[in-house]
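In terms of UniProt numbering, the sequence shown has 349 at position 349, counting the first letter as 1, and numbering is strictly consecutive.
Note that beta-carbon positions come from the ideal geometry of N, C-alpha and C, so glycine has one too.
Okay, so here's the structure we're looking at.
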Amino acid sequence: MSGAVLSRDEVDEALERLTGELDAVESSLLALDQHPGRRLLEGARLSGATQERWQQVRAHWDLLWQYFDAYRETIRAANQVRQRRGRPGPAELAELTELLTGPSVSFSGITYPVQLRTLTGPERPTEDLTLAETVDRMRGWYTEAADLVAAVDAVWSDLPPRVDLLLAELTRVEALAQAARATDPPAAGWSAPVDQVPEAEDAFPREVLAAIRADLEGLRAAVLRDPLAFWLPRTAPEAANGTVNGAANGAATGARAVTGGFGPVPGERRAAHPREAHGRVDTTRFDQLARAVDEVRGDVQSLLLLREEAEDRLRRVVATVAEANGTLASAQALRAEVLAKIAAADVPALPRPSTFLHERLAAADRLRRAGRWTDLEPLLEDVEREAAWELERARAALAEVRAPLAARAELRGLLQAYRAKAARQGRVEDRELIERYDHARQLLWTAPCDLRAAEAAVMRYQQALARPR
């Protein structure tokens with residue numbers, strides 16, 4: 001033994017401290033040993049980085065308990081020496097000093113796990129360590145195990161439940177997609193022969209739904225096999241900004257003053273949550289699949305809404321087309337009347353009803369009956385636009401046919417207004433005005449009316465009226 005011998009007070013103080021340290025270390029080891037995450041690791045079928053880490057941690061964990069037994073025996077031996085006499089003599093103090101500060105922890109009864117041995121290394125450890133050195137070594141193994149358990153527990157507590165919820169939602173979306181595939185009866189007025197109704201298709205490709213499900217199930221299996229693949233350790237700058245271990249209880253707080261790394265195990269209350277302190281769960285793949293499910297859900301819901309509204313929308317298109325055809329028919333009848341009253345050069349020609357639109361309407365109804373909603377959606381939107389354009393075109397044609405009669409009525413009104421003005425001026429006997437009025441009136445009240453000539457005659461009458469007497 002080298003160095004100064006401890007005094008009785010120093011021995012008593014060290015024994016009290018080491019006994020408290022022993023209890024704290026044992027409490028931490030037992031808590032981690034019984035932690036659900038560590039127990040799940042024991043029975044899990046692991047792969048990848050998690051398997052490699054767990055094999056190493058498992059070997060160190062078994063060795064750690066053997067080191068702890070040797071550590072506890074040394075402290076027990078020191079307490080027994082101290083209890084021999086109330087006032088230990090020089091021999092007892094020297095022995096206690098050696099036990100408490102020297103390389104007194106023997107590991108001669110410990111066998112290294114096979115995976116920790118080297119080709120030329122010993123089967124049993126040959127070194128003896130001080131109590132402080134033993135704690136340092138156990139602390140490293142404990143921290144290694146606690147970090148692994150914390151990471152695995154964080155991943156397993158987070159991702160599998162979320163994947164299960166997303167799989168349940170995907171099942172609901174699949175049911176909605178299946179419902180959207182059901183076929184409907186023909187819409188009134190647009191029935192197609194049975195042999196012209198196409199075979200039903202998926203409202204949303206089965207391959208997409210199946211691929212998402214396969215990815216989710218694969219993600220869940222990968223998380224269970226290799227949770228560390230979904231763990232992002234905290235970087236050094238991040239760790240410097242927060243504390244790893246917080247206070248769990250009074251005993252643990254006192255123990256950490258001695259043991260440092262022997263703090264609360266994963267799952268115990270701590271100042272900084274272990275998932276935040278040591279790293280975070282990598283949810284990148286899950287988030288991508290969640291977005292894919294959201295997109296599919298939106299597509300299927302849109303198709304279901306289309307299924308609910310398709311027949312009404314087709315009926316509205318039919319009504320629009322019927323109104324357009326009726327408007328064109330009215331325009332055609334009116335044009336015949338106009339041609340009897342107005343010169344043909346002033347009456348516009350009429351467009352013909354669209355037969356192509358009728359064909360597309362029938363095709364849209366066939367798709368609706370077959371439940372081919374993905375094909376129907378763009379076609380129905382096109383048909384709605386075309387029907388609205390047809391109605392607008394028919395209304396414009398009717399207005400153009402009416403225009404010549406309106407123009408003749410306007411010219412008649414102007415002529416009568418100018419004649420009244422001439423009367424107010426006392427010029428009703430003006431020969432030039434009489435001739436020009438008679439000419440304009442004859443043009444406007446003769447069928448068929450030449451609107452261009454009549455308009456010119458009215459303007460000449462107005463010009464003559466405007467000249468001074």
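Can you have a look at residue i and say buried or exposed, based on whether 16 or more other CB atoms are within 10 angstroms of its CB?
i	result
Met-138	buried
Leu-165	exposed
Ala-331	buried
Val-163	buried
Ala-31	buried
Arg-307	buried
Thr-50	buried
Thr-355	exposed
Leu-219	buried
Pro-193	Any reading at Pro-193 must be qualified, since the residue scores a pLDDT of 46, below 50, and its modelled position is unreliable; the value itself is stated next. Result: exposed.
Val-223	buried
Ala-364	buried
Arg-85	exposed
Arg-467	exposed
Trp-445	exposed
Glu-127	exposed
Ala-340	exposed
Ala-399	exposed
Alpha carbon to alpha carbon, how far is residue j from residue i? Give it in angstroms, no decimals.
i	j	result
Asn-249	Ser-27	Low local confidence applies: a pLDDT of 34 at Asn-249 is under 50, so the model's placement there is unreliable, and no value is given.
Val-458	Arg-412	9 Å
Ala-77	Gly-102	14 Å
Leu-100	Glu-52	37 Å
Leu-376	Pro-36	54 Å
Pro-353	Arg-315	18 Å
residue 470	Ser-157	Summary: the structure shown does not reach residue 470, with the chain confined to residues 1 through 469, and so no result is reported for it.
Tyr-437	Ala-345	24 Å
Thr-171	Leu-46	28 Å
Gln-416	Ala-319	44 Å
Val-258	Thr-284	With a pLDDT of 30 at Val-258, under the threshold of 50, the modelled position of this residue cannot be trusted, and the question is left open.
Leu-15	Leu-64	22 Å
Ala-440	Ala-423	17 Å
Ala-362	Val-281	54 Å
Glu-13	Asp-23	16 Å
Arg-372	Glu-311	13 Å
Gln-73	Ala-94	Here the sequence assigns Glu to residue 73, which means Gln is not the residue at that position. Between Glu-73 and Ala-94, the C-alpha separation is close to 18 Å.
Arg-234	Val-155	14 Å
Tyr-71	Glu-21	11 Å
Leu-289	Ala-146	31 Å
Gly-326	Arg-452	31 Å
Leu-18	Arg-291	55 Å
Thr-374	Ser-302	10 Å
Glu-133	Ala-221	42 Å
Arg-427	Gln-463	14 Å
Glu-169	Glu-207	17 Å
Pro-90	Leu-129	24 Å
Gly-43	Glu-295	38 Å
Ala-456	Arg-313	51 Å
State the CB to CB distance for the pair residue i and residue j, rounded to an integer number of angstroms; the pair is presumed to be in contact (CB under 8 Å).
i	j	result
Arg-87	Arg-38	No, Arg-87 and Arg-38 are not in contact; Cβ-Cβ is about 46 Å, not under 8 Å.
Gly-48	Arg-297	So it is not a contact: roughly 32 Å between Cβ atoms.
Are the CB atoms of residue i and residue j nearer to each other than 9 Å?
i	j	result
Leu-405	Val-338	yes
Leu-357	Glu-410	no
residue 478	Leu-228	There is no way to answer for residue 478, as the model of the chain reaches only from 1 to 469.
Leu-96	Leu-6	yes
Arg-393	Pro-351	yes
Gln-34	Glu-144	no
Val-25	Val-135	yes
Ala-336	Arg-408	no
Phe-107	Gln-80	no
Leu-216	Glu-174	no
residue 478	Leu-304	No answer is possible for residue 478: the residues shown for the chain start at 1 and end at 469.
Ile-212	Val-293	yes
Leu-379	Phe-286	no
Leu-334	Val-401	yes
Glu-386	Arg-360	yes
Glu-98	Arg-82	no
Asp-450	Ala-349	no
Out of the options, state which residue places its alpha-carbon closest to the alpha-carbon of residue i.
i	options	result
Arg-431	Arg-291, Tyr-461, Gly-298, Ala-221	Tyr-461
Pro-448	Gln-288, Val-347, Arg-17	Val-347
Asp-382	Ala-343, Val-317, Glu-323, Ala-422	Val-317
Phe-68	Glu-98, Asp-287, Arg-82, Val-105	Val-105
Trp-141	Ala-59, Glu-400, Arg-467, Ala-292	Ala-59
Leu-148	Leu-443, Trp-61, Gly-89	Trp-61
Ile-75	Arg-313, Leu-131, Leu-328	Leu-131
Arg-469	Ala-370, Leu-443, Asp-450, Gln-425	Gln-425
Trp-231	Ala-340, Ala-4, Glu-127, Asp-153	Asp-153
Hey, is residue i's beta-carbon within less than 9 Å of any beta-carbon in chain C?
i	result
Ser-302	No chain C is part of this structure, which consists of one protein chain only.
Under 8 Å: does the beta carbon of residue i sit that close to some heavy atom of the ligand ATP?
i	result
Asp-147	Because no ligand of any kind appears in the structure shown, any question about the ligand ATP cannot be addressed here.
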